[in-house]
Each structure stands twice: as structure tokens, then as C-alpha cells.
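All residue numbers for the sequence shown refer to UniProt numbering, where the first residue is 1 and numbers rise by one.
Virtual Cβ for every residue (Gly too), placed ideally from N, Cα, C.
Since the model is a prediction, treat every value here as computed from it, not as a measurement.
Taking it in order: structure first as C-alpha cells, then the write-up.
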Amino acid sequence: MQPRLEAINGSHRQLKRPAPIAAREVFMSHDLALPTVFVDRTQAGRCLVEPLARYAGRPDVIVLALPRGGVPVAYEVATALNVRLDLLMVRKLGMPFQPEFAMGAIASGGVTFLNDDMLRAYPVDRAVFDAVVARETEELARRERAYRGGRPAQQLKDQVVILVDDGLATGATMRAAIQAARAQSPARIVVAVPVAPPETLEALYGEVNELVCPRVPERMVSVGYWYQDFPQTSDEEVMTLMGQADQQALCRSAPHD
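The following block contains the structure:
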């Protein structure tokens, strides 16, 4: 069965399917001006700005990057919209035989999302699963300490939260991020990614208020396939971009004559 998502050229439109959360919207594009593949994460982030333009300059909006690859994308979005940028820490739980296949994901606040379809198809011994969770939990905590440097996370209650990554495959990490964000009772949750397959967007549709995804290929291959330049984002790059975002936030809050 084909996913029930409408392709929209440069506009937002209410979806026809009833949804538990009001005002659910989706943006996709067949705009030929979009690149066939993105040059890099910087360009990909800039392609997300126009469909998010209505959030520009709003003090109740916060862009949350999913590290590490989502940080350069989210930085471009937050800078162009002149809104806050923060991190929402997530880690994929890779299958023991093939770590690129997600059997689930974890996020800040003790959130665990399980990819039930994957685990039914490829059962994993409980002890092995627990070992993967323990390893990824330790790495998540390490990154949180390194990236934040003692800086507290932004409070999300009653805020408009825009979750940004560099692309989605199974969507496991994004679904963990959505659960972690929802636990803080935001006013609205928006997912914005440069590229994702239609079946993943369909799975996310019932969980958020709005989806923004300029490229929706029927055959995904991998996220990196849709970029000319797709290196691993380093810890140093994450910390540099977050430091620059902190400086921009100080400038916004400074009194102006």
C-alpha cells in the first residue's frame, strides 16, 4: 500500500487522514530547483529554511539537533531563523551482526525506542541487547558531557520544538528523540530533515505536528547517498558550532539602543 502522504510543491497543506494531534502538516517538494543530491550538510540545512520560515525570530521556538550529523544541518536552520539551538542526545542501537541496522535507539532522559519489526525478524539474545544498550548509554553520557560542558539543556515545556537530523533511514533515532521531547510537554513538535524514505515519514506522521522533508526518494539506499560530501561529523565540529550558537544567543539577548 502506498504511504498516505501528499507531495506538496512549496506549500503546507493539512493531511486528509484524521490524526490524534491537531494541525498535523507535511511538507515535501518536487521542486526542480532543489539539488539532486546535497553538496554537504550546510547546504542541506539551508534547504530546510524556507518551509520553516514562519518560525523565524520567535522566542518560543527552539531547534534541537540530533548529534552528531544533525548539528551542522540544525545550525544552518537556527541561524537563518534567528532562534535558539540546542542538542537532543540520541544513540542508535545497532544490530550485533550489522551495526548499521537499527534495532532501536536511546535518548536523553532514559528513553528507549525498540524497532519491533527488526527484532521480530532478527531476534537478539537479551544479554547481547543489554550489552549494546549499556555501551551506547555510556557513549551518550560521554557526548553529553563533552558537548554541553556543564551548560543545562533548554526547557521544552510550551515551546515549539524543531527536531533536525541530516536524514532518516529507519527513523529509530528520531522516534526516540520525539519521545524524549514529548515527555517535556512542548506546544508543538516539528521534524525537519533533508531526506527520508516515504515509509519512514509515514511511521512518524502520527507522532508529530509537522514534517518537513524536501527530498523523499522511493529508493533511499542510505542517507549518505544523497550527499556529495558526507564525512563523519567530529566532536570538535559539534562543539565549535554550539559555541557559535551560544554567541549568537548572547547577541540576541543583549539590549539594543
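- Collapsing the DSSP output to three states places residue 243 in a helix.
- For residue 78, there is no enclosing beta strand (DSSP E); the enclosing alpha helix (DSSP H) has its first and last residue at 70-81.
- Inter-residue distance for residue 149 and residue 242 is about 11 Å (C-alpha atoms, whole angstroms).
- Residue pairing for residue 254: DSSP places it in no beta bridge.
- Beyond the five residues adjoining it in sequence on each side, residue 222 comes within less than 7 Å, by CB distance, of 169 in the same chain, given in chain order.
- Taking a C-beta distance under 8 Å as the contact criterion, residue 38 and residue 217 do not qualify as a contact pair.
- Within the model, the alpha-carbon separation for residue 247 versus residue 219 is close to 40 Å.
- With 16 or more other Cβ atoms from the protein chains shown falling within 10 Å of its own Cβ, residue 132 counts as buried.
- DSSP, read as helix, strand or coil, puts residue 133 in helix.
- The C-alpha of residue 255 is placed about 53 Å away from the C-alpha of residue 117.
- The C-beta distance from residue 190 to residue 156 rounds to 12 Å, too long to meet the 8 Å contact threshold.
- Rounded to the nearest whole angstrom, the C-alpha separation of residue 200 and residue 99 is 19 Å.
- Here residue 151 is exposed, its C-beta having fewer than 16 other C-beta atoms within 10 Å.
- Just so you know, the alpha carbons of residue 83 and residue 240 end up roughly 18 Å apart.
- Under the DSSP definition of a beta bridge, residue 112 partners with 106.
- Here DSSP, grouped into helix, strand and coil, assigns residue 227 to strand.
- Shown here, residue 45 sits in a helix according to DSSP, grouped into three states.
- Listed as beta-bridge partners of residue 94 by DSSP are 102.
- Distance from the CA of residue 26 to the CA of residue 210, rounded to the nearest whole angstrom, comes to 6 Å.
- Each residue's CA atom was taken as its position, placing residue 202 and residue 175 some 12 Å apart.
- With distances taken between CA atoms, residue 111 lies nearest to 182 out of 182, 125 and 67.
- Contact between residue 65 and residue 85 holds: CB atoms are separated by about 7 Å, below the 8 Å threshold.
- Looking only at 90, 204, 102 and 129, the smallest Cα-Cα distance to residue 141 is reached by 90.
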